[in-house]
Every structure is written in C-alpha cells, then in structure tokens.
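Note sheet for the following structure.
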Amino acid sequence: MASSHQNRAEVISDTNVISLDANSLKFPNGNILVILDLHDEEGYWLQLHEAVLESKSGKIAEILCTRAKTLLPADLPLPDPHKVPSNIKRIITLQDDGDPGKLPALTCDLAAAISPPAVVTIGDEDNPANEESGTRTTRGTTWNVPRFRDTFKSLFAAFYDEPLNISRNDIKLALKQSENLVEIAQALDAISAIRAQISNALHEYRQKMYIAIRVDPPRWLNLSLTLESAPIFSESIIHIVGCWPDWLWETSRQTLTPNLVKLIDRKAKILEGQCGEIDRTLLVNTINYGEGDELRSVTLKDDPDAWFAVGIFRDWLVKELTSGIRPSEIGRLYRKLRKGGEAYLTNAEVDPTVDWVGSNVDPDGILKNLGLMKEFASKAVQNICENGLIVSPEALDLGYLTCVDIREEDYPW
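In this note's numbering, the protein residues as written are 480 to 892.
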C-alpha cells in the first residue's frame with residue numbers, strides 16, 4: 480500500500496491512546512497475520528480472517544488478491560517462523576520509515592517468505608532500546624516503533640464490530656483520534672466501516688463538541704466531509720461564512736477544497752448583501768411628522784426633540800459603520816442593535832449631547848424619541864441576528880453573525 484500524505488501539516492502520534500486488550504483480535508482460525516509492531520507479539524500481532532479484511536477494506540482486498548509474493552525490504556526484520564501459526568496464508572506488516580509527512584504503510588507477504596528464519600536481537604548492551612525517540616535497535620538495524628499502531632489496531636477491531644478507541648471524556652483527544660482513524664481508513668479504502676462509529680462518538684459530547692468546533696471550524700469542516708455529518712458541516716460553515724474573508728483559525732485556508740471555497744464565498748456575499756440593505760434602512764430611518772397627505776420626515780421646526788434624536792442615532796451608526804469594523808466583528812454591532820434599550824447610546828452617553836443643544840429641547844423628549852429609533856432598529860436587525868449555531872454566539876463570545884442558512888443541497892456528499 481502506498482503511503483498517504485496528511486492533509487494537515489502535523490502528524491499526530493498515538494500518545495495517550497489506550498490500547499485494546501492484548502489478547503483481542505487473535506482468532507485461532509484466522510488465516511492472516513497482521514503485525515503492527517514486530518517486537519510486541521503480545522499486543523500487536525493480530526490473527527484475522529481474510530474474508531473480513533477483504534469485505535471491510537478495498538485496499539487490503541487488493542493486496543490480498545495479489546498472487547505473486549511481495550518482497551519485503553531487505554533490512555526489515557521478519558518474525559520468527561516458529562511463532563507463525565501453521566494456518567497463516569499471508570503476513571501483513573506495518574512499516575514506518577519515520578517520515579512525518581507520510582503514513583506508515585502496510586506490506587503483504589506470503590507466509591513462506593519468512594524462511595529461512597531471521598535472527599533478530601532486540602536492544603543489545605551497546606545499543607539499548609530508545610523508547611523516547613521512538614526507535615528500537617537490532618544488531619546492524621535501526622527502525623522506528625510504528626506510529627499509529629494503536630490506531631490501526633482500533634480500525635481492525637472495528638472490522639469485527641468492536642467500538643473504536645475514541646476518548647469519551649476529552650474532546651480534543653477524540654478529535655485527534657478521529658482524524659487519525661479517518662486518515663488511515665481512507666488510505667485503506669475502509670472509511671465506510673467506521674464512518675458512523677466516529678460520528679456517533681463525537682456527537683456523544685453534545686454541546687462540548689459544538690464549543691470545540693468554534694475553536695477551529697475549518698478542521699472540523701474537513702472532517703465532516705469524510706464523516707458526511709450534516710450537523711458538523713453546518714456548524715463549521717456558519718462560523719467560517721460569518722467571518723469571511725477574515726480568517727481566525729489555526730487550520731490553513733488552503734486545506735479547503737475549491738468547491739467549499741465557492742460555497743463559503745457565495746454564502747458570504749448573500750450575508751454581505753443583507754447587511755448592506757439593513758445599513759441603508761437604518762441610515763435613512765427617521766421619525767415622521769404630520770398625518771395623511773401631510774406626513775413627512777420630521778424637521779427641526781416641526782419637532783426639535785424628534786429631529787435631534789434622529790440625528791444622534793444616525794451619527795452614532797455612521798461612526799460605528801465607518802470605524803473599520805470587519806466581518807468578524809459586525810455581529811456584535813447588530814446584536815447590540817437587536818437588544819436596544821441601554822445596550823448602546825445610554826442615557827449617560829446622550830446627556831452631554833442634550834446639554835450641548837441647550838434649552839430649546841426637552842431632554843426627556845429626546846430620549847423618548849431616541850427610544851423609537853432603537854425600537855425600529857431592533858426589528859430591522861431581527862432576522863440577521865438569528866442564530867444558526869447550536870450554541871448561542873453570546874455564550875461563545877463571537878463577534879460575527881451566525882444567521883447563515885445551510886440547506887440540504889449545500890452538502891457536498
């Protein structure tokens with residue numbers, strides 16, 4: 480199996496992953512020996528069934544149907560043939576050359592290929608095993624302790640309907656484990672065997688998962704594509720569109736597929752257009768004076784209190800909109816407008832302006848009319864302040880809008 484490159488720059492090790500029971504996945508009638516770590520026979524030598532492997536993994540089925548012997552690298556230590564059960568047809572070995580940009584690879588060989596016996600000495604006195612660096616030494620040969628060995632073992636266990644080894648109490652670790660499993664399952668053409676299990680395990684976190692998505696939505700978005708998870712996809716997209724084109728996340732923008740970028744850009748343009756319409760509506764809003772055919776926008780002569788209230792509101796809004804506010808922060812402004820009341824232009828803030836105007840106006844009259852302007856603004860921004868996320872934007876301290884409408888036709892699967 481050719482090595483597969485990670486989409487993300489980092490390669491996550493199996494640190495803190497709890498291994499399955501050492502005696503698990505050792506079926507006496509299994510005819511395929513899977514060696515995930517040559518020198519840990521108890522925990523990482525699995526005796527599995529050819530039929531199960533072929534049915535769950537397209538890549539392994541391809542390997543197993545190869546009639547010719549696949550020669551192993553000359554410097555790769557081989558198992559002692561006396562330890563290999565007699566009913567074993569093929570041996571699949573996990574190889575890891577230590578390149579952090581590549582996944583370890585599975586190599587298949589006929590069981591007969593291990594003769595004559597290979598002499599392997601682990602950790603001689605001059606070259607003790609170096610567990611911290613992830614290497615072990617034989618006489619004349621040094622190789623890496625295979626990364627992802629627990630992840631491979633968890634995947635093979637899932638082939639037998641065993642639960643995946645995904646943390647149930649640490650969402651960060653669960654995300655890493657899920658990404659590892661997805662990466663390996665995709666390389667083995669076995670994603671259908673674990674897709675539902677991973678999705679269910681992550682959704683067991685409920686609100687904690689949605690809070691975690693807020694930390695790095697693009698990372699979760701990429702995972703959602705493989706899992707075909709509509710809730711994770713929608714939650715992630717809403718965060719990204721709300722900020723677009725601002726980018727607040729650790730995961731690179733370049734990890735998004737061109738089709739995803741098109742979808743995000745299209746949704747962001749719709750949102751931008753909605754904001755523009757609301758801004759224009761609020762900036763031209765006024766208080767009407769008169770009745771019937773005489774109804775018109777109030778003037779200073781008609782009603783000084785109302786006229787000054789309109790001016791105070793417009794001046795404040797213009798300053799807010801022209802202060803260099805970014806899409807990643809515009810949501811705070813609209814949510815402030817939605818709350819109304821003392822959320823902005825408080826009495827204390829307006830009093831100096833009223834005092835400056837002088838005795839020709841009634842301070843209470845200005846505040847009353849300003850309240851009318853705020854009531855209109857609150858209704859005007861109601862729809863754009865709707866929340867499409869599971870968690871409220873206030874609880875997550877979000878600065879952007881979260882009203883993006885994600886429909887079934889937006890899902891790329």
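Glycine is no exception: its CB is placed at the ideal position from the N, C-alpha and C atoms.
Note down the Cα distance separating T801 from D575, rounded to an integer number of angstroms.
C-alpha of T801 to C-alpha of D575: approximately 56 Å in a straight line.
How about E714 and I692: do their beta carbons lie closer than 7 Å?
Inclusion of E714 and I692 in the CB contact set at 7 Å is warranted, their separation being smaller than that value.
Going by C-alpha distance, which of N738, S633, V720 and L512 is nearest T586?
Residue nearest to T586 within the set N738, S633, V720 and L512 is L512 (criterion: CA-CA distance).
Which same chain residues, not among the five before or five after L527, have their C-beta less than 7 Å away from its C-beta?
Apart from the 5 residues on each side of it in sequence, L527 sits with its Cβ closer than 7 Å to the Cβ of L504, F506, G509, I511, V513 and F635 in its chain, given in chain order.
Can you pull the DSSP bridge partners for W524?
According to DSSP, W524 bridges with I514.
Among the candidates N648, W795, R628 and C544, whose CA atom is the shortest distance from the CA of A584?
Of N648, W795, R628 and C544, the smallest CA-CA separation from A584 is found for R628.
Pull up the CB-CB distance for V883 and L702, whole angstroms please, since I reckon it's below 8 Å.
With 8 Å as the limit, V883 and L702 do not qualify as a contact, their Cβ atoms being about 19 Å apart.
C-beta contact flag for V870 and Y689 at 7 Å:
In this structure, V870 lies near Y689, with their beta-carbon atoms less than 7 Å apart.
Endpoints, beta strand (DSSP E) assigned at I570
First-last of the beta strand (DSSP E) with I570: R569 to Q574.
Alpha-carbon to alpha-carbon, N826 and L846:
If you take the alpha carbons of L846 and N826, they lie about 7 Å apart.
Close Cβ partners of V836 (< 7 Å) along its chain, the five nearest in sequence each way excluded:
If you ignore the 5 residues before and after V836, its C-beta comes within less than 7 Å of the C-beta of F787, all in its own chain and listed in chain order.
Tell me whether L704 sits in a helix, a strand or coil according to DSSP, three-state version.
Reduced to three states, the DSSP call for L704 is helix.
Buried or exposed, going by whether 16 or more other CB atoms sit within 10 Å of the CB of E521?
With a 10 Å radius around the Cβ and a threshold of 16 neighbouring Cβ atoms, E521 comes out exposed.
Rounded to whole angstroms, what is the Cα-Cα separation between T832 and A709?
When rounded, the distance between both Cα atoms is 51 Å.
Just to confirm my understanding: we take F712, look at its own chain, exclude 5 residues before and 5 after, and list those with CB closer than 7 Å. What are they?
Only residues of its own chain outside the window of five on either side were considered, and among them L700, S703 and Y890 have a CB closer than 7 Å to the CB of F712, listed in chain order.
Rounding to the nearest angstrom, what Cα-Cα distance links G810 and D784 in this structure?
Cα to Cα, the separation comes out at about 30 Å.
In three-state terms, what does DSSP make of K853?
Helix at K853.
Can you tell me the Cα-Cα spacing of T736 and L774, whole angstroms?
Distance between the alpha carbons of T736 and L774 is about 55 Å.
Work out the CA separation of V860 and G769 for me, nearest whole Å.
In this model, G769 and V860 are separated by some 27 Å (Cα to Cα).
So, for G537: in the same chain, excluding its five sequence neighbours on each side, which residues have a beta-carbon less than 8 Å away from its beta-carbon?
Within its own chain, the residues whose Cβ lies closer than 8 Å to the Cβ of G537, once the five positions on either side in sequence are excluded, are L667, D668 and A669, listed in chain order.
Between which residues of its own chain and L727 is the CB-CB distance below 7 Å, once the five residues before and five after are set aside?
For L727, where only same-chain residues beyond five positions count, the Cβ hits under 7 Å are S807.
Where does T761 fall in DSSP's three states?
The identity of residue 761 in the sequence shown is Leu, whereas the question assumes Thr. Helix.
Taking the beta strand (DSSP E) that C587 belongs to, which residues open and close that run?
A584 to L589 is the extent of the beta strand (DSSP E) around C587.
Going along the chain, which residues of its own chain have a beta-carbon closer than 6 Å to the beta-carbon of V777, five neighbours each way excluded?
Correct list, in chain order: I766, Y768, A785 and W786.
If you compare alpha carbons, which of L739, K741, R814 and G790 is closest to D757?
Per the sequence shown, the amino acid found at residue 757 is Ile instead of Asp. Of the residues L739, K741, R814 and G790, the one whose Cα lies closest to the Cα of I757 is R814.
Could you have a look at Y813 and say whether DSSP puts it in helix, strand or coil?
Helix.
Just checking my contact of I863 with L875 at CB under 8 Å: how many whole Å lie between their CB atoms?
About 18 Å; that fails the 8 Å criterion.
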